[in-house]
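In this note's numbering, the protein residues as written are 12 to 786.
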């Protein structure tokens, strides 16, 4: 049957992107009331499946009805103006196509939760319903049910009519003014409001206010409240400033009675009102600072601008401590002054803490900050701030690539080599650095990628003249690069000088550093107390039943935790395999290092920074703040301490075990190890303090470690790129990993074998590797 016959030529339809893994948008019918207001990019609430409702985004408006199903009505339009712009919609489609996922999955990740409806629709009786409209039996029954229960959820309407008739029933009752449709929690986003108080207007004159003060002589506490108010808004300024009032919370802090204030409000002397305020701290323009570039930094900034005239992307290779951030600031200012927007991407939330503090002192309230540790409300405010023009500069992690920019002029990708820019799970499995290049191209903007240790792929593009290249090879303010020493663990074990896995040399240097009141960073890229628990009798190792990887032992929680899926279980008292009580911990994590250091240096102040200690929203700021202010002597941490953090008093960095990074089974292991070691070494020695880096290793003659000691990025690049060329690894090819999953492991392996065989037929045997069983 041709469903188009059911609709008139004027009927409007909308293609809606819904946050589910389906290949395309769904077509819905637009009600007459909505036709005038609906626009592409607006959010809508739509029915989906049986009893479900979802928040979708309008992708297209047209007059073509769907051929394969009956179009259902859009339930509600959430926006008067679009919350998603055309470039974003294009980006959603591009990401879905390039990263082989569905556009609904992209939209689901792109929109902050606060912009998506988070509950079911509910039906309630319209308080203005006069009962005069003609109702049929079903409508009467529904209204009685609503009246008895006060309200009923949308999904219960199928108890009165078939699913196909639900929207018709709702529309009929709404047209008869009988019901209202609402969301129990319509949207997670709620504006932040502040309660304020002010004098009633009749008391703004000097004569009136003096009479009021006299009338309160017998009520001493009430008079105190009034006089306290007048200390903030003097009598001579009441006419001008009284309407602004002051925050009610001030009186809670002052030595005045809150009950007296409430009495004055009840008497009609004061009035209480609310204003909507930003969740972000307001910065006074008078406190904003300027930066002055050194001659070398100014030259680098000019060179980047010059390169942008020929290239869309420029790679900025600056050694650690060279002052790349100051160059970024100079470029950001120039772009903002030209009337365009700027996005600065950072790989880790930890990095935002220190850099944001520096940038806010320069850009103030014009700068927004966007990352997942912010609440839904805070992220929505940044989203809306970009739309309104409040924020023309945003600093954020990879998800900020989805913000609704209209006029991007520059995207800065700081620490562009970082793997944190890659989203692994769930879909879309995008790489923010690569998406930034596409987004900038669409906006006609430029991309600046900065790093002390660029990824091989990016440096390869620069060497082949696809990207511009600008190098900053000197540290800022004549600061020296740190001295890097390798400590041979084989010799230490042979001489029996290891103490709790610490070499004698590292302990000696740490002791000296403490005596000089200087700070130390200890780096170990493994959190937890110990990598795993092992039975000395039967060699049992605790593994995750879901991921088949070893469970990490956490001492303070007394638990075994899977760092892949988060599964947690209690530490067994005896071996689950043989019943032996001889269970031992193997290896060392940050938790154990912290514990050992407390024993070795009991008078020192030690702090740990890893995923376990930074789960709460402000944990990063607190740890970094304490370390920066000198309250902590030794900071132990994983890779999050290795990048972008500047501490003036850090003169020693110890790398606990470099070998695990170097010999990790991955073709990028050498690159990541070199980057990590160079980055963490860069934390030592800023300004006038020479830095020392001690790297503990079982193979000090390894070529990679020698290149780290000599700060030889170019030598490392040339060696590694030749190896990649020889084995046809990226950037000379692209690798695609296909994962086959099933609850039956044997069946999954068989299916993977069939798939590999079919792919080999199409692509050739040399281009298909595997299948291999997963970890």
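Think of the CB as a built atom: it goes at the ideal place given N, C-alpha and C, for glycine as much as any other residue.
- Between residue 572 and residue 562, the C-beta gap is smaller than 8 Å, which places the two residues in contact.
- Straight through space, the alpha carbons of residue 287 and residue 215 are spaced by roughly 24 Å.
- Residue 127 is classed as buried because its beta carbon has at least 16 other beta carbons within 10 Å across all chains shown.
- Taking the Cα of residue 125 as reference, the smallest distance to any Cα among 669, 395, 750, 658 is reached at 395.
- The three-state reading of DSSP puts residue 97 in helix, counting H, G and I together.
- In the three-state reduction of the DSSP assignment, residue 70 falls in the strand class, which pools E and B.
- Looking from the CA of residue 470, the closest CA among 725, 536, 451 belongs to 725.
- As computed with DSSP, residue 458 is found in a beta bridge with 324, 422.
- Residue 164 is bridged by DSSP to 133.
- Under the Cβ criterion (8 Å, minimum of three pairs), the segment 113–121 counts as touching the segment 24–32.
- Counting only the Cα atoms, residue 629 lies some 24 Å from residue 397.
- Counted as a single uninterrupted DSSP element, the beta strand (DSSP E) harbouring residue 579 occupies residues 579–581.
- A distance of 8 Å or more separates the beta carbons of residue 421 and residue 447.
- For residue 514, the closest C-alpha among the options 525, 533, 231 is that of 533.
- Under the rule that a run must span 3 or more residues, the beta strand (DSSP E) segments found entirely inside the segment 377–435 read 378–381, 404–407, 419–425.
- Under the three-state reduction of DSSP, residue 755 is assigned to coil, being neither helix nor strand.
- Under the three-state reduction of DSSP output, residue 662 falls in the strand class.
- In the three-state reduction of the DSSP assignment, residue 674 falls in the coil class.
- Straight-line measurement puts the Cα of residue 352 at about 10 Å from the Cα of residue 344.
- In this model, residue 647 and residue 535 are separated by some 8 Å (Cα to Cα).
- Put simply, the backbone Cα of residue 631 is about 48 Å away from that of residue 40.
- In this structure, residue 190 and residue 136 form a Cβ contact; the two beta carbons are roughly 6 Å apart against a cut-off of 8 Å.
- Short of 8 Å from the beta carbon of residue 107, and not among the five residues preceding or following it, lie these beta carbons of its own chain, in chain order: 113, 114, 116, 117, 439.
- Ranking 593, 516, 497 by CA distance to the CA of residue 544 puts 593 first.
- If you draw a straight line from the Cα of residue 25 to the Cα of residue 449, it is about 27 Å long.
- For the set 275, 119, 251, 246, the Cα lying nearest the Cα of residue 259 is the one of 275.
- Annotation: the continuous alpha helix (DSSP H) that includes residue 471 extends over 467–474.
- Residue 739 and residue 524 have their C-alpha atoms roughly 46 Å apart.
- Contact between the segment 90–101 and the segment 46–57 is established, with three or more Cβ pairs separated by less than 8 Å.
- As for any beta strand (DSSP E) of minimum length 3 sitting wholly inside the segment 229–288, the runs are 281–288, ordered along the chain.
- Around the CB of residue 774, fewer than 16 other CB atoms lie within 10 Å, so the residue is classed as exposed.
- Within the same chain, Cβ atoms closer than 6 Å to the Cβ of residue 429 are found at 358, the five residues on either side in sequence being excluded.
- If you look at residue 26, you'll find it in the beta strand (DSSP E) that goes 24–28.
- For residue 685, the enclosing alpha helix (DSSP H) covers residues 680–692.
- Excluding residues up to 5 positions away in sequence, 372, 373 lie with their Cβ nearer than 8 Å to the Cβ of residue 300 in the same chain.
- Contact between the segment 313–326 and the segment 473–487 is established, with three or more Cβ pairs separated by less than 8 Å.
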